[in-house]
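K.L.:
The structure under discussion is supplied below as structure tokens; questions concerning it will follow.
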Amino acid sequence: MKARRPVPKKPFALVEQGPRGLRLIACDRTARGLGLHRGQRLADARAMAPSLACEIHEPHKDAESLLGLTRWCERYSPWVSLDGVDGLLVDATGSSHLFGGEPAMAADMERRFAAYGFTARIAIAATIGAAWALARYSSSPHRGEDIGGLPIEALRIDTEAARTLRRLGLKTIGHLIDIPRSSLARRFRGETIDENVLMRLDEALGVRSEPFNPLTPPPVFLARQAMMEPLISQEGLEATLREVLGRLAQDLEAAGQGALRLMLTLYKADGGRIAIPIGLTAPSRDARHLFKLFRPKLENLDAGFGIDALVLEARETAAIAAAQQGFMEESHAVEFDRLNDRVKNRHEDRAIAGLSAVASHVPERAENSSPHFCGEREGPVAQRREGEGRSGQVLTAPHLPIAAGDGPLPLPAKARRGVNRPLLIFDVPESAIVLAAVPDGPPMRFTWRRVARRVAKAQGPERIAPEWWRLGEKDAQPRDYYTVEDDKGRRYWLYREGLYGEGEPKWFVHGLSP
Amino acid sequence: VEALRRHIARIEGTGPSFERRGKAAPWRLGVPAIDGHLGREGLARAGLHDVAPEAYGDMAAAMGFATALALRALQEDRRPLLWCRLDRQRREYGRLYGHGLETLGLPRARFVTVTLKKPVDVLWTAEEALKCGALALVIADADGRVAGLTQTRRLALAAARGKAAGLLVFAARHGGATASQTRWAVASAPSRAPPFDVNAPGRPAWDVELIRSRAGRPGAWRVEWQSATHRFDLVSGLPGGAVHPLADESAPAGAQKTFRAG
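Quick note, the sequences are listed as chains A and B, same order.
For the record, in the first sequence the residue sitting at position 395 is 395 according to our numbering, with numbers rising by one throughout.
Each number in our numbering comes from the position in the second sequence (counting from 1) with 514 added on.
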């Protein structure tokens, strides 16, 4: 299959550097009409047709183009695959009726390929082998013809085996079918499948099944809609999507599943495709909710000349669990997941997160923000607790199940009252110039963000030693933290890095308190 | 005239008929002097409220006050709290620190947070969150230039639909119109020294001004927040006065010995 050249009158050929100079490896119809053929030397061909235009063959570009075309064929069936360097396979089982039967489907394919400038030979058969044979060797591949009359080369066997068979007078597949199987098996016992004529024959006849490796693994849940006319308007697209979503939701419901990852593929009339992925926090099969997630992404879509087919598949599904306990009551949990989905799909990579405590002394490391998932909040979470001791102790306590939401907000436990942490903390502590009354004492005045502040009250120090067991923290200095209040009542969380007597200590503002 | 008044009250969402639908107890500050200014029903549980710092340096105080208000509401509500933050504010004032919120009295299991780039995104998220019904309260960083009357009206309608309260934390005090029920301005106030340590900062104290209240009237107070009991306390006008040593934080509410004005 090759792209049509813009100037059809002039013979054209692709050439390749062979061991004895340039050789033709493909020629167009005009060139064939002049008697040129594949394998001919370019010099000979030039002699026969002086006007021959030629270009160097670029196999990787062919492969790329074929791969694109194969992907495009997913509009017919999700099971498509490349076949060698010049063919593609579509498993149309169960999908041909969507296009009005097999002949109509083949005609549709041929028409569309022709519209894109490709000459295609399309055959539909019960086995891969038979389809391969018909597409390449039949004079009229459209009609489901018997493969018995085709030459033996149509069996996908290598040239050596074919030559042997021809020498034996076995010229068509029909001849092979007639002779005893045991003799074929005895004669052609090759290592590779191409040498094993009997296996290839069985595959073509459907006696032996042949594996089919689709480009994309088959999705479990899929709904599609082909349009009579390409859709251009947003409203039309939305209406179609809603219908397709409804069908998918029904399938999911029948299977007791909910979608976690969805892929909407829009096939454009000009041959392109648009893929819109959607991710969910918790499995869902609510068509209205899913539609809400898709809609913002449809808003500024370049539909080009219109969209003529739409395929929606659930790439990842999970059983919908009846119980989602933990954070909230169940109905709220569902609502919350939906909110999270909407936020996540609208603002890329920004998800609603909960803060969870981490067992670490260093304040900026004592907490991390974890994407919030309702079902996964239970389980032991290390919680940091500090009493009077400066160093602080690390406790592993089960995460408080307050979330279950029975009764009013519990008051904080008495044990935690000693901790005094700021409400806001800077990712990177900001340096400050500090004047202290005594070298080891709390600050008296400090300048931060170019404003001088007078300290009215201070509490501290709370010494936090570096975590020397972490790599790259060997040179870290201990910190002395102070909570200070200036004369206006504003509170800051300052620390001094380093100790007096070991170089000049540095001061930083690490957080703000109400 | 009475019918007209009721009609207006229904449109504004302040009337008794509107509030009666929610079964939860009224959302009050717990200080009679202030609650008297909020109208009969307290703060609207399904409404919008503005909080702004008095000056640039009072942002932490404003956020602390918003947290305290939220905690008053969460006492009666089982649903969690969402805090929508703006990237800009986060860089300016730092990120929310869960340990610090726990210091104020909000357990980390009760809140979630999200940080977004644009003020418009924050408004969108806040609206969706208010509408969804799974959250008791949404605190959002707002930009006075973006959150105008129309936008906040949308938020107020969403709040009414989701039976959730919205607290908008503005970056600065501004005079622009919003659809909020109440508007507060907060400044830090010198705290009273805790018992047994005269030099240490005490409980967080704020000068709170109620600039606007739909159902009530404005006023200004100095309050102190007790994180252990989730209570506001009114502070007399004398800063620096030490708390009575017997007024321990764990004391029951009735045994409070602090002086109360009003």
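Beta carbons: idealized from backbone N, C-alpha and C, even for Gly.
Going by beta carbon distance, what residues of the same chain come within less than 6 Å of residue 113 of chain A, once the five residues before and after it are set aside?
P.N.:
As a position in the first sequence, residue 113 of chain A is number 113, starting the count at 1. Cβ-Cβ distances below 6 Å link residue 113 of chain A to 120 in the same chain, with the five nearest sequence neighbours on each side left out; the list follows chain order.
K.L.:
Let me check one thing: in DSSP terms, what residues is residue 368 of chain A bridge-paired to?
P.N.:
Against the first sequence, residue 368 of chain A aligns to sequence position 368. Residue 368 of chain A is bridged to A/356.
K.L.:
Please compile the residues from chain A whose C-beta is within a distance smaller than 9 Å of the C-beta of residue 567 of chain B.
P.N.:
In the second sequence, counting from the first residue as 1, residue 567 of chain B sits at position 53. By Cβ distance, chain A contributes nothing, its closest Cβ being about 10 Å from residue 567 of chain B, past 9 Å.
K.L.:
Closer than 9 Å, Cβ to Cβ, to anything on chain A: give me those residues from the segment 600-617 of chain B, in chain order.
P.N.:
604, 605, 607, 608, 609, 610, 611, 612, 613, 614, 615, 616, 617
K.L.:
If distances are taken between C-alpha atoms only, which option among A/179, A/496, A/12, A/341 comes closest to residue 481 of chain A?
P.N.:
Stepping through the first sequence from its first residue, residue 481 of chain A is reached at position 481. The residue among A/179, A/496, A/12, A/341 with its C-alpha nearest the C-alpha of residue 481 of chain A is A/496.
K.L.:
Could you name the residues of the segment 484-508 of chain A whose beta carbon sits closer than 8 Å to any beta carbon of chain B, in the order they occur along the chain?
P.N.:
484, 485, 487, 488, 489, 490, 491
K.L.:
What is the DSSP secondary structure of residue 660 of chain B, counted as helix, strand or coil?
P.N.:
Sequence index remark: in the second sequence, residue 660 of chain B carries index 146 (1-based). Three-state result, residue 660 of chain B: coil.
K.L.:
Do we get a CB-CB distance below 9 Å when we pair residue 536 of chain B with the residues of chain A?
P.N.:
Taking the second sequence and counting its residues from 1, the one referred to as residue 536 of chain B is at position 22. Residue confidence is low: residue 536 of chain B scores 47 on pLDDT, short of 50, so the model does not pin down where it sits. Its coordinate-derived value is still stated next. With 9 Å as the cut-off, residue 536 of chain B does not count as an interface residue toward chain A.
K.L.:
Taking its Cβ as the centre, do 16 or more other Cβ atoms sit within 10 Å of residue 492 of chain A, making it buried, or is it exposed?
P.N.:
By 1-based counting over the first sequence, the position of residue 492 of chain A is 492. Buried: at least 16 other Cβ atoms inside 10 Å.
K.L.:
Give me the residue from B/633, B/644, B/649 with the minimum Cα distance to residue 661 of chain B.
P.N.:
In the second sequence, residue 661 of chain B corresponds to position 147, counting from 1. It is B/633.
K.L.:
Does any residue of chain B bring its CB to less than 9 Å from the CB of residue 347 of chain A?
P.N.:
Locating residue 347 of chain A in the first sequence gives position 347, counting from the first residue. It does: the Cβ of residue 347 of chain A has a partner Cβ on chain B nearer than 9 Å.
K.L.:
In terms of residues, what are the limits of the beta strand (DSSP E) holding residue 627 of chain B?
P.N.:
Position 113 of the second sequence, counted from the start, is the residue given in the question as residue 627 of chain B. Here the beta strand (DSSP E) through residue 627 of chain B covers 625-630.
K.L.:
Checking the sheet assignment: what are the DSSP bridge partners for residue 738 of chain B?
P.N.:
Counting from 1 along the second sequence, the entry for residue 738 of chain B is found at position 224. Looking at the DSSP assignment, residue 738 of chain B forms a beta bridge with B/719, B/747.
K.L.:
What's the C-alpha gap between residue 12 of chain A and residue 270 of chain A?
P.N.:
Counting from one through the first sequence, the residue named residue 12 of chain A turns up at place 12. Counting from one through the first sequence, the residue named residue 270 of chain A turns up at place 270. Cα to Cα, residue 12 of chain A sits roughly 26 Å from residue 270 of chain A.
K.L.:
What's the C-alpha gap between residue 718 of chain B and residue 289 of chain A?
P.N.:
Here the question's residue 718 of chain B lines up with position 204 in the second sequence. Here the question's residue 289 of chain A lines up with position 289 in the first sequence. Roughly 43 Å separates the two Cα atoms.
K.L.:
Just to make sure I have the definition right: I need the residues of chain B whose C-beta is within less than 8 Å of the C-beta of residue 511 of chain A. Which are they?
P.N.:
As a position in the first sequence, residue 511 of chain A is number 511, starting the count at 1. Within 8 Å Cβ-Cβ: 608, 611, 614.
K.L.:
In terms of alpha-carbon separation, which member of A/273, A/255, A/263, A/246 lies closest to residue 286 of chain A?
P.N.:
If you number the first sequence from 1, residue 286 of chain A lands on position 286. Nearest C-alpha to residue 286 of chain A: A/246.
K.L.:
Rounding to the nearest angstrom, what Cα-Cα distance links residue 213 of chain A and residue 263 of chain A in this structure?
P.N.:
Residue mapping note: residue 213 of chain A aligns to position 213 of the first sequence, counting from 1. Residue mapping note: residue 263 of chain A aligns to position 263 of the first sequence, counting from 1. Their Cα atoms are separated by approximately 21 Å.
K.L.:
Determine whether the beta carbon atoms of residue 628 of chain B and residue 295 of chain A lie at a separation below 9 Å.
P.N.:
Along the second sequence, read from residue 1 onward, the residue named residue 628 of chain B stands at position 114. Along the first sequence, read from residue 1 onward, the residue named residue 295 of chain A stands at position 295. Not in contact: residue 628 of chain B and residue 295 of chain A (Cβ atoms no closer than 9 Å).
K.L.:
Measure the CB-CB distance between residue 478 of chain A and residue 499 of chain A and report whether it falls below 9 Å.
P.N.:
The count along the first sequence starts at 1 and reaches residue 478 of chain A at position 478. The count along the first sequence starts at 1 and reaches residue 499 of chain A at position 499. A contact, by the Cβ cut-off of 9 Å.
K.L.:
For residue 713 of chain B, count neighbouring Cβ atoms within 10 angstroms of its own Cβ and tell me buried if that reaches 16, exposed if not.
P.N.:
Position 199 of the second sequence holds residue 713 of chain B. Classification for residue 713 of chain B: exposed.
K.L.:
Considering just the uninterrupted stretch of the beta strand (DSSP E) at residue 315 of chain A, what are its terminal residues?
P.N.:
If you number the first sequence from 1, residue 315 of chain A lands on position 315. It spans 307-319 - the beta strand (DSSP E) in which residue 315 of chain A sits, taken as one unbroken run.
K.L.:
Residue range of the alpha helix (DSSP H) that residue 582 of chain B falls in?
P.N.:
Along the second sequence, read from residue 1 onward, the residue named residue 582 of chain B stands at position 68. Here the alpha helix (DSSP H) through residue 582 of chain B covers 573-588.
K.L.:
If you draw a straight line from the alpha carbon of residue 298 of chain A to that of residue 238 of chain A, how long is it in whole angstroms?
P.N.:
Here residue 298 of chain A is taken as the residue at index 298 of the first sequence, counted from 1. Here residue 238 of chain A is taken as the residue at index 238 of the first sequence, counted from 1. So the two alpha carbons sit approximately 8 Å from each other.
K.L.:
Note the first and the last residue of the continuous alpha helix (DSSP H) segment covering residue 104 of chain A.
P.N.:
Here residue 104 of chain A corresponds to residue number 104 of the first sequence, with the count starting at 1. Under the DSSP assignment, residue 104 of chain A falls in the alpha helix (DSSP H) whose first and last residues are 102-115.
K.L.:
My output table needs one value for residue 297 of chain A: the three-state DSSP class, helix, strand or coil.
P.N.:
Position 297 of the first sequence, counting from 1, holds the residue named residue 297 of chain A. Correct three-state label for residue 297 of chain A: helix.
K.L.:
Quick one: list the residues of chain A neighbouring residue 719 of chain B, beta-carbon separation under 7 Å, in chain order.
P.N.:
Against the second sequence, residue 719 of chain B aligns to sequence position 205. Those within 7 Å of residue 719 of chain B in chain A are 489.
K.L.:
In three-state terms, what does DSSP make of residue 642 of chain B?
P.N.:
Residue numbering aside, residue 642 of chain B sits at position 128 when the second sequence is read from its first letter. Helix, per DSSP.
K.L.:
For my contact list, residue 734 of chain B and residue 723 of chain B are in at a C-beta cut-off of 8 Å; report their separation, rounded to the angstrom.
P.N.:
Translated into the one-based positions of the second sequence, residue 734 of chain B becomes position 220. Translated into the one-based positions of the second sequence, residue 723 of chain B becomes position 209. Between the beta-carbon of residue 734 of chain B and that of residue 723 of chain B there is about 4 Å, and that keeps the pair under the 8 Å contact cut.
K.L.:
Once you ignore the five residues that flank residue 487 of chain A on each side, which residues in its own chain have a CB closer than 7 Å to its CB?
P.N.:
Working through the first sequence from its first residue, we reach residue 487 of chain A at position 487. The residues are 454, 456.
K.L.:
Look at residue 90 of chain A and residue 55 of chain A and say whether their C-beta atoms are less than 9 Å apart.
P.N.:
The residue labelled residue 90 of chain A in the question sits at position 90 within the first sequence. The residue labelled residue 55 of chain A in the question sits at position 55 within the first sequence. Going by beta carbons, residue 90 of chain A and residue 55 of chain A fall outside the 9 Å limit.
K.L.:
Is the beta carbon of residue 107 of chain A closer than 9 Å to that of residue 57 of chain A?
P.N.:
Residue mapping note: residue 57 of chain A aligns to position 57 of the first sequence, counting from 1. Residue mapping note: residue 107 of chain A aligns to position 107 of the first sequence, counting from 1. Not a contact, by the Cβ cut-off of 9 Å.
K.L.:
To which residues does DSSP link residue 563 of chain B through a beta bridge?
P.N.:
Taking the second sequence and counting its residues from 1, the one referred to as residue 563 of chain B is at position 49. The partner list for residue 563 of chain B (beta bridge, DSSP) reads B/681, B/696.
K.L.:
DSSP puts residue 483 of chain A in a beta bridge; with which residues?
P.N.:
Position 483 of the first sequence, counted from the start, is the residue given in the question as residue 483 of chain A. DSSP output for residue 483 of chain A lists A/459, A/493 as bridge partner(s).
K.L.:
Suppose the cutoff is 8 Å on Cβ atoms and the five residues either side in sequence are ignored; what does the same chain contact list for residue 412 of chain A look like?
P.N.:
On the first sequence, residue 412 of chain A is found 412 positions in, with the first residue counted as 1. Confidence at residue 412 of chain A is low in this model, with a pLDDT of 47, below 50, so the placement of that residue should be treated as unreliable; the coordinate-derived value is given next. Once the five neighbours on either side are set aside, residue 412 of chain A has no close Cβ partner at all.
K.L.:
Would you report the Cα separation of residue 426 of chain A and residue 362 of chain A, rounded to the nearest angstrom?
P.N.:
Position 426 of the first sequence, counted from the first residue, corresponds to residue 426 of chain A. Position 362 of the first sequence, counted from the first residue, corresponds to residue 362 of chain A. Taking the straight line from one Cα to the other gives about 13 Å.
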